[in-house]
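Every letter in the sequence shown is one number past the one before it in our numbering, and letter 40, counting from 1, is 67.
Below you'll find the structure, written out as structure tokens, and then a few comments.
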Amino acid sequence: MVSTFVAHGAAAYDHYMGRWSRRLAPLFLDFAGSAAGERVLDVGCGTGSLSLALVERSAVKAVEAIDFEADFVAALQTRIGTNPITARQGDACDLPFADASFDRALSLLVLHFVSDAQQAAREMRRVVRPGGVIAVSVWDTYGGMPSQRIFWDTVVAIEPSADGRRAATMFRPATQPGDLPDLLSRAGLTDVRETLLTIRMEFANFEDYWQPLLTAQGNLGQFVDGLAAPTRARVIEAVRAAYLSGRPDGPRSFASVAWAARGTVPD
């Protein structure tokens, strides 16, 4: 697998996205389900938001957590404690597990960064037993992420050459209506259902909003730093003005929406 997620360390990821995946994980588990005694696979575990929420909720027998980023796996390993979680580096498109070895496979905020999301869905089906459940979730990057739209729409208004970058971010694979159910159906799952999950992203001030954009994921920081100095200054001030919206700097709260789908491995 070639991951399209460009990471800059576990701490930066937690500040950029981990704090929001911790809020989303319980809602996802309400939809995905869990049961005592199950063996569960967490595909793309990041720093452990879903795995840790899962063991807090249910007396599962074991959680196997994998992620492409070794730094994320190491961070989760420090948080496991006595919980029945095993974390390892792994490839969502080539899972290192035997056929039908799990009761449930879950993937939170991952498939839109996997180079072949359909192959990842097929792999999850392979390792889940007949009658088991697969559930996945990704951000609604175009229609449900206003905190991202503030940045990209403002940048493109000032620097039209950034439009291609905006499009690539807004229309990531598997993030449009019906994409996740289609993935699961084509992987051979039955009883496929889709829903929307909504949290709020809350920022203490503009700095809390702005700095994670530049330092945590991908090459946005390089892009902004690479702008001509006058353009860079205009971008920063325009994004700040969009965040402030005519009010003093301070807390802001944005509704943020994720798609989720689940299906059953046929007998």
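Just so it is clear, CB atoms sit at the ideal spot from N, CA and C, and this is done for glycine as well.
As the structure is a computational prediction, the values presented were derived from the model and not from experiment.
Spatial neighbours of residue i in its chain, beta-carbon cut-off 8 Å, leaving aside the 5 residues before and after
i, result
"S212", "V219, G290"
"A288", "A162, V163, S164, L207, P208, L210, L211, V219, R220, E221, T222"
"L136", "M44, S48, L51, G71, G73, S164, V165, W166, A285"
"P53", "A80, R84"
Same chain only: Cβ atoms within 7 Å of residue i, ignoring 5 sequence neighbours per side
i, result
"A62", "S85"
"Y270", "I177, F233, Y236, R279"
"E229", "P278, S280"
"R152", "I161, A214, G215, L216, V292"
"L241", "L247, G248, V251"
"L56", "A80, L81, R84"
Residue closest to residue i, alpha-carbon to alpha-carbon, out of the options
i, options, result
"E65", "P239, Y40, R176, E91", "E91"
"V67", "D130, V82, G108", "D130"
"T109", "M151, Q146, S78", "S78"
"F233", "G75, Y40, A127, S280", "S280"
"I226", "I112, I185, S283", "S283"
"A189", "F95, F250, R156", "F250"
"G158", "A127, T105, A101", "A127"
"V154", "R193, W179, A125", "A125"
Opening and closing residue of the beta strand (DSSP E) in which residue i lies
i, result
"M228", "217 to 230"
"S48", "Premise fails: S48 lies in the alpha helix (DSSP H), 46 to 59, not in any beta strand (DSSP E)."
"A288", "279 to 291"
Limits of the unbroken alpha helix (DSSP H) element including residue i
i, result
"P208", "206 to 213"
"Y236", "233 to 242"
"T258", "256 to 271"
Residue i CB to nearest heavy atom of the ligand PLP below 6 Å
i, result
"F198", "Absent from the structure shown: the ligand PLP. Ligands present: none."
Proximal residues to residue i (C-beta, below 6 Å), its chain only, five neighbours per side dropped
i, result
"A89", "R66, P111"
Discussion item. Is it the case that the stretch 110 to 130 contacts the stretch 64 to 75, given that we only count it when at least three CB pairs across the two stretches are under 8 Å?
Written reply: yes
Worksheet entry | the stretch 166 to 175 in contact with the stretch 194 to 201 per 3-pair CB rule at 8 Å | yes
Worksheet item: What are the start and end residues of each continuous beta strand (DSSP E) run of 3 or more residues lying completely inside the stretch 133 to 191, in chain order?
Response: For the stretch 133 to 191, whole beta strand (DSSP E) runs of length 3 or above, ordered along the chain, are 155 to 166.
Item to complete: Return the chain-ordered ranges of every beta strand (DSSP E) run that is complete within the stretch 49 to 131 and spans a minimum of 3 residues.
Response: 66 to 70, 89 to 94, 112 to 116
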